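J.:
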Amino acid sequence: MRPIGLPVLEYLEDRRQEEEGAENYVFPGWEDDTPFGSFPRHWTKLLEKTDLAGITPHVLRHSFASIANDLGFTEATIAALVGHSRGSVTSRYIHTVDTALIMAADSIAGYIQGLLDGVAFRHTSYALDRNSRKLALAHFLGKPTPKGRSAERSAA
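Going by our numbering, the sequence shown opens with residue 4, and the numbers climb by one from there.
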């Protein structure tokens with residue numbers, strides 16, 4: 004199981020609501036209340052009226068992985084998002100989507116949506132020093148801000 008970024012989920016929900024008589028399917032089949040069918044057969048039709056017309060699934064997959072790498076996600080996270088095998092026997096039995104992957108999918112999909120919408124991004128860096136990590140953990144756990152340099156940062 005792989006997470007889908009929030010912008011994609013919202014697009015799919017909007018698409019499902021736009022389709023007449025498509026209560027059960029985002030991409031309904033040719034006949035009433037039938038599924039869409041196999042993905043490769045419909046790829047061209049799905050993208051024909053979009054900015055992505057003519058682009059193959061392989062190109063999108065490669066671009067997604069490259070953008071994820073550019074955004075600083077680890078190779079392991081990217082591999083999990085695109086469905087590459089983790090290589091362990093145990094991983095074959097685990098079919099959960101963890102929060103980190105959902106957040107990564109949302110971040111990457113949001114960034115791609117921003118690119119498509121012409122958003123001008125500002126560079127942001129994240130501090131991984133111990134005090135910043137303590138502050139983030141305290142915030143997550145709902146604890147008071149730790150004393151020291153990180154407390155000064157939170158006041159700013």
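Note that CB positions come from ideal geometry on N, CA and C, so glycine has one too. The structure displayed is predicted, hence computed values, not measured ones.
#1: So, do the region 76-84 and the region 47-60 have three or more beta carbon pairs nearer to each other than 8 Å?
#2: Can you tell me where the alpha helix (DSSP H) holding residue 101 begins and where it ends?
#3: CB residue 9 to CB residue 132, shorter than 8 Å?
#4: To the nearest angstrom, how far is the alpha carbon of residue 34 from that of residue 145?
#5: Go through its chain and collect everything with a Cβ distance to residue 117's Cβ below 8 Å, but skip five positions before and after it.
#6: Please report the straight-line C-alpha distance between residue 85 and residue 70, rounded to a whole angstrom.
#7: Would you call the CB atoms of residue 105 and residue 74 closer than 8 Å?
#8: In chain order, what residues of the same chain lie with their CB nearer than 7 Å to the CB of residue 39, ignoring the 5 residues before and after it?
#9: What's the gap between the Cα of residue 50 and the Cα of residue 139?
#10: Which of helix, strand or coil does DSSP assign to residue 117?
#11: Work out the CA separation of residue 101 and residue 154 for me, nearest whole Å.
#12: For residue 56, count the other beta carbons within 10 Å of its own beta carbon; 16 or more makes it buried, fewer makes it exposed. Which is it?
#13: With residue 15 as the anchor, note down where its alpha helix (DSSP H) starts and where it stops.
#14: With burial defined as no fewer than 16 other Cβ atoms inside 10 Å of the residue's Cβ, what is the status of residue 6: buried or exposed?
#15: Is the distance from the Cβ of residue 54 to the Cβ of residue 119 below 8 Å?
T.: The short version:
#1: Segments in contact, no.
#2: Your numbering for residue 101 matches position 98 in the sequence shown. First-last for residue 101: undefined, no H or E at that position.
#3: One-based indexing of the sequence shown puts residue 9 at position 6. One-based indexing of the sequence shown puts residue 132 at position 129. No; because the gap between Cβ atoms is not below 8 Å, this pair is not in contact.
#4: For this step, residue 34 is matched to residue 31 along the sequence shown. For this step, residue 145 is matched to residue 142 along the sequence shown. Residue 34 and residue 145: Cα-Cα distance of roughly 52 Å.
#5: Stepping through the sequence shown from its first residue, residue 117 is reached at position 114. Same-chain partners within the cutoff: 124.
#6: Residue mapping note: residue 85 aligns to position 82 of the sequence shown, counting from 1. Residue mapping note: residue 70 aligns to position 67 of the sequence shown, counting from 1. Those two C-alpha atoms are separated by around 12 Å.
#7: Within the sequence shown, the letter at position 102 stands for residue 105. Within the sequence shown, the letter at position 71 stands for residue 74. Taking 8 Å as the Cβ cut-off, residue 105 and residue 74 do not qualify as a contacting pair.
#8: Locating residue 39 in the sequence shown gives position 36, where the first residue counts as 1. Result list for residue 39: 28, 30, 31, 32, 45, in chain order.
#9: Along the sequence shown, one-based indexing puts residue 50 at 47. Along the sequence shown, one-based indexing puts residue 139 at 136. In a straight line, the C-alpha of residue 50 is about 41 Å away from that of residue 139.
#10: Counting from 1 along the sequence shown, the entry for residue 117 is found at position 114. Residue 117 falls in the helix class under three-state DSSP.
#11: Here the question's residue 154 lines up with position 151 in the sequence shown. Here the question's residue 101 lines up with position 98 in the sequence shown. In this predicted model, residue 154 has a pLDDT of only 43, less than 50, meaning its place in the structure is not dependable; the value taken from the coordinates is given anyway. Distance between the alpha carbons of residue 154 and residue 101: 30 Å.
#12: Counted from its first residue, the sequence shown places residue 56 at position 53. The C-beta of residue 56 has fewer than 16 other C-beta atoms within 10 Å across all chains shown, which makes the residue exposed.
#13: Position 12 of the sequence shown, counted from the first residue, corresponds to residue 15. From DSSP, the alpha helix (DSSP H) with residue 15 extends over 9-21.
#14: Working through the sequence shown from its first residue, we reach residue 6 at position 3. Buried, since its Cβ has 16 or more Cβ neighbours within 10 Å.
#15: For the purposes of this step, residue 54 is taken as residue 51 along the sequence shown, with counting starting at 1. For the purposes of this step, residue 119 is taken as residue 116 along the sequence shown, with counting starting at 1. Yes, these two residues count as a Cβ contact at 8 Å.
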